[in-house]
Amino acid sequence: MMMRRLTDFAGRRCACGFPRTGRRFFAASGGAVATPEQKSLPDDESQVSPTLKKYFNKTRIAMQMPMMTREYAVSNAALIPSFFLGRLQLELLEYPELSTKENVSNVNAMFEHVEDFVSSLDSAQIDLQGRISDPVLRSCGEIGLFGQRVDSSFNGLGLNALESTRIAEAMGLNASLFATLTAHEALGMKAIQLAGTEEQKRKYLPALATGEKIAAFCLAEASSGSDPQPIQSRAVLSPDGRSYFLNGRKSWVTNGSRADVYTVFALTTVKNDKGEQEDRVTPFIVERTFGGVNPQSPAPKLGLRGLDLVDVVFSNVKVPVENVLGDADSGLQVSCLH
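Just so you know, we're using full-length UniProt numbering here: the sequence shown kicks off at 1 and counts up by one.
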C-alpha cells in the first residue's frame with residue numbers, strides 16, 4: 001500500500017518545537033530570570049555554580065517551555081491553592097506552537113485533505129449498516145491515518161502530538177471513523193510501539209501503520225471493566241516453555257471483529273522475588289491467524305453505530321513466548337502507557 005507523508009500535502013516538512021523568540025534562562029543568582037543576551041545555559045555541568053548544580057537538568061528541560069510558562073513555573077506563586085480559590089493562572093496553560101509558517105502550512109494542507117475526505121463519507125449510511133466499509137478504511141490507509149504518530153522508518157507519518165491533534169479535528173467529523181482509527185493507533189498499536197521489542201516493532205508496526213493490518217486492544221472484561229487487576233482471562237505456559245495457551249473473554253473490543261492483531265492482557269503464573277508463585281497480568285501480541293480467536297456478534301449501540309465493538313473469546317490460543325509484550329509481569333505498566 002502506498003503511504004502518504006506530510007510532505008505530500010504541502011512542501012517540505014520542517015521540525016516542530018516551542019517558539020525560540022524571547023526565551024529566558026535561569027540566572028546564577030538563584031530564582032531570577034534573564035534574557036538570552038544576559039545569560040545562556042552552560043553546555044557542561046562543571047560550569048554551573050554549586051548552588052544550582054542539582055537543578056541543572058531541570059533547567060535544561062525548563063528551557064524548552066514557553067517563556068511565560070517557565071517564568072510562572074519558577075516563581076513563588078501558590079499554584080494549587082489558587083485553583084481552589086478560583087484564580088486560574090492561564091499562563092501555565094500556554095499551548096505549544098509549530099515553529100515555522102511552512103510547517104503550519106503543511107499541517108493545514110493535510111487537515112483540509114482529511115476534512116474533504118471525511119466530509120464526503122455518507123455518515124447516515126455508515127450508521128445504518130453498522131460498519132465502516134473496507135474501501136473507506138483502505139482510503140484512510142493511503143492517506144496515512146492509521147499511523148500518524150508512528151515513525152517514518154515503520155511506514156508512519158511521524159507526526160508530533162500537536163500535528164496529530166490538528167488532524168484529529170478533521171477525523172472527528174465522523175465519530176465512528178474517529179473512534180475506529182484512534183482505538184487502532186492509540187490503543188492496540190500503541191502498546192507495541194511503546195513496550196515492544198525492536199523485533200516486535202519491525203514485525204508488526206509497518207503493516208499496522210499503513211492499515212494493511214488493523215489492531216485491537218483487549219483489556220476490559222465484563223466482571224472487571226478496564227481494571228486489569230481482577231481480570232479472569234488466563235494464559236498457561238506449555239510444558240516445553242515455548243508457548244502460552246490463552247483462554248478468556250474480552251468485552252467492548254473496538255475493531256474486535258476485523259482486527260488482525262490483538263493486544264491481550266491475561267493472568268499468568270510467575271515467580272516473585274522470593275521464589276514464590278503468584279498471578280501477574282501479562283500482555284500478549286495475539287494474531288488472528290493463531291486460531292481460536294472468536295469475535296462475537298456486535299451489540300446494538302445508541303451512538304457510534306458504525307463502530308466495530310464486540311466481545312472477543314479466546315479459546316486455547318497458542319501464543320509464542322516471543323509474543324509476550326514487555327515482561328511477563330508488566331501488564332499493569334503496559335496498560336497504563338496509553
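All C-beta atoms, glycine included, are put in the ideal place defined by N, C-alpha and C.
Residues sharing a beta bridge with residue i, DSSP
{"i": "P320", "result": "S243"}
{"i": "L237", "result": "Y244"}
{"i": "T263", "result": "F217 and I285"}
{"i": "R280", "result": "T268"}
Per-residue burial, residue i [other beta carbons within 10 Å of its own, 16 or more giving buried]
{"i": "I192", "result": "buried"}
{"i": "K301", "result": "exposed"}
{"i": "residue 351", "result": "With the chain covering 1 to 338 only, the question about residue 351 has no answer from this structure."}
{"i": "P135", "result": "exposed"}
{"i": "S335", "result": "buried"}
{"i": "T100", "result": "exposed"}
{"i": "S297", "result": "exposed"}
{"i": "A179", "result": "buried"}
{"i": "Q148", "result": "buried"}
{"i": "N255", "result": "buried"}
{"i": "T165", "result": "exposed"}
{"i": "S238", "result": "exposed"}
{"i": "T282", "result": "buried"}
{"i": "T210", "result": "buried"}
{"i": "K250", "result": "buried"}
{"i": "N316", "result": "exposed"}
{"i": "K54", "result": "For K54, the pLDDT reaches just 48, beneath the cut-off of 50, and the residue's location in the model is therefore unreliable, although a value from the coordinates is still provided. Per the 10 Å Cβ criterion, exposed."}
{"i": "L163", "result": "Here the sequence assigns Glu to residue 163, which means Leu is not the residue at that position. That one is buried."}
{"i": "Q64", "result": "Any reading at Q64 is ruled out, since the residue's pLDDT is 48, under 50, leaving its predicted position unreliable."}
{"i": "P295", "result": "buried"}
{"i": "N103", "result": "buried"}
{"i": "R202", "result": "exposed"}
Three-state class that DSSP yields for residue i in the structure shown
{"i": "T269", "result": "strand"}
{"i": "P295", "result": "strand"}
{"i": "S315", "result": "strand"}
{"i": "residue 352", "result": "Here the chain has residues from 1 to 338 only, and residue 352 is not among them."}
{"i": "K201", "result": "helix"}
{"i": "G158", "result": "coil"}
{"i": "L128", "result": "helix"}
{"i": "V150", "result": "coil"}
{"i": "S226", "result": "coil"}
{"i": "K250", "result": "strand"}
{"i": "L121", "result": "coil"}
{"i": "residue 352", "result": "Any question about residue 352 goes unanswered here, given that the chain covers just 1 to 338."}
{"i": "K190", "result": "helix"}
{"i": "R87", "result": "coil"}
{"i": "K101", "result": "helix"}
{"i": "P300", "result": "coil"}
{"i": "N174", "result": "coil"}
{"i": "D327", "result": "coil"}
{"i": "Q232", "result": "coil"}
{"i": "E212", "result": "coil"}
{"i": "L145", "result": "coil"}
{"i": "N255", "result": "coil"}
{"i": "S164", "result": "helix"}
{"i": "residue 339", "result": "Residue 339 lies beyond the stretch modelled for the chain, which goes from 1 to 338, so this question has no answer here."}
{"i": "S133", "result": "coil"}
{"i": "L337", "result": "coil"}
Does the segment 215-235 come close enough to the segment 183-191 to have 3 or more Cβ pairs within less than 8 Å? yes
Three-pair Cβ contact test at 8 Å for the segment 193-207 versus the segment 165-179: Contact fails: fewer than three Cβ-Cβ distances are below 8 Å.
Inter-stretch contact (C-beta, 8 Å, three-pair minimum) for the segment 269-284 and the segment 136-153: Taking 8 Å as the limit for Cβ pairs, the verdict is that the segment 136-153 does not touch the segment 269-284.
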